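As structure tokens, the structure follows; a few thoughts come after it.
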Amino acid sequence: GAVVSQHPSWVICKSGTSVKIECRSLDFQATTMFWYRQFPKQSLMLMATSNEGSKATYEQGVEKDKFLINHASLTLSTLTVTSAHPEDSSFYICSASGGREKLFFGSGTQLSVL
Amino acid sequence: AQSVTQLDSHVSVSEGTPVLLRCNYSSSYSPSLFWYVQHPNKGLQLLLKYTSAATLVKGINGFEAEFKKSETSFHLTKPSAHMSDAAEYFCVVSRFGNEKLTFGTGTRLTIIP
Chain A
1 GAVVSQHPSW VICKSGTSVK IECRSLDFQA TTMFWYRQFP KQSLMLMATS NEGSKATYEQ
61 GVEKDKFLIN HASLTLSTLT VTSAHPEDSS FYICSASGGR EKLFFGSGTQ LSVL
Chain B
1001 AQSVTQLDSH VSVSEGTPVL LRCNYSSSYS PSLFWYVQHP NKGLQLLLKY TSAATLVKGI
1061 NGFEAEFKKS ETSFHLTKPS AHMSDAAEYF CVVSRFGNEK LTFGTGTRLT IIP
């Protein structure tokens, strides 16, 4: 079946550095990808929606200059957390949509900022 | 606008007994409804989905859910719990299938041996 690959699965970084997370659709073309954030013991909150070749649409309260999203191809979207701080520590998860009946989630990335 | 409420943050059942995870939704249109499962340190896996077809939806691993419009509910059930069912379960609503998903706060299911 369709698979969405997300890397890395976990990352630890120093405060002030940037971290890039990749989300790839392995056997289908993802016209739309979604990025979510999940804090401990809370639900997933949508951060942004990205469509291939266009700028991402960010949800209210999400800083677009801090969370850079690039969806350069139909199989790859990246989320870059710039100048990360401890409060950015969270579980980030992507999902890829290849059409009405195709929506798959990545395995997530646990980010810890020291 | 759409929202979903999972009525129980934590449910514990004994292995072999029935499972019931409750979900109520609010939507100003005909919604699509989903149940996802998340095992520790893993991504989300779709259990089942309702998209205006049959109101009783059968999913993977023996789970099923019934869409009740009059009660605005979409409860998840399984006749007999297995140890491998222990996980976090999310009820999700969206307007059109893969459009913006709104997640419930989750229900942690614990299976007692």
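Just so you know, the protein sequences line up as chains A and B, in that order. Residue numbering for the first sequence follows the working numbering, starting at 1 and increasing by one per position. Residue numbering for the second sequence follows the working numbering, starting at 1001 and increasing by one per position. Glycine included, C-beta positions come from ideal geometry on N, C-alpha and C. These numbers were taken from a predicted model, which means no experiment stands behind them.
- Fully contained in the segment 1028 to 1107 of chain B are the following beta strand (DSSP E) runs of length 3 or more, in chain order: 1032 to 1038, 1044 to 1050, 1056 to 1058, 1064 to 1068, 1073 to 1078 and 1087 to 1094.
- As computed with DSSP, THR80 (chain A) is found in a beta bridge with A:LYS20 and A:LEU68.
- For the segment 43 to 71 of chain A, residues whose beta-carbon sits nearer than 8 angstroms to a beta-carbon of chain B comprise SER43, LEU44, MET45, LEU46 and THR49.
- Judged by beta-carbon spacing, TYR1050 (chain B) lies within the 8 angstroms limit of ALA1065 (chain B), meaning their Cβ atoms are closer than that value.
- Counting along the chain, LEU74 (chain A) sits inside no beta strand (DSSP E), nor does DSSP assign it H or E at all.
- Inter-residue distance for CYS23 (chain A) and PHE34 (chain A) is about 10 angstroms (C-alpha atoms, whole angstroms).
- In this structure, the alpha-carbon of LEU114 (chain A) lies about 30 angstroms from that of ALA72 (chain A).
- Boundaries of the beta strand (DSSP E) harbouring GLN38 (chain A): 32 to 38, taken from the DSSP string.
- Looking from the CA of GLU1015 (chain B), the closest CA among B:THR1102, B:ALA1081 and B:VAL1004 belongs to B:ALA1081.
- Taking 8 angstroms as the CB threshold, PHE39 (chain A) stays off the interface with chain B.
- Membership of GLY98 (chain A) in the beta strand (DSSP E) is indicated by the continuous run 90 to 99.
- Where VAL1011 (chain B) is concerned, the enclosing beta strand (DSSP E) starts and stops at 1010 to 1014.
- Rounded to the nearest angstrom, the Cβ distance from LEU1021 (chain B) to THR1105 (chain B) is 12 angstroms, too far for a contact under 8 angstroms.
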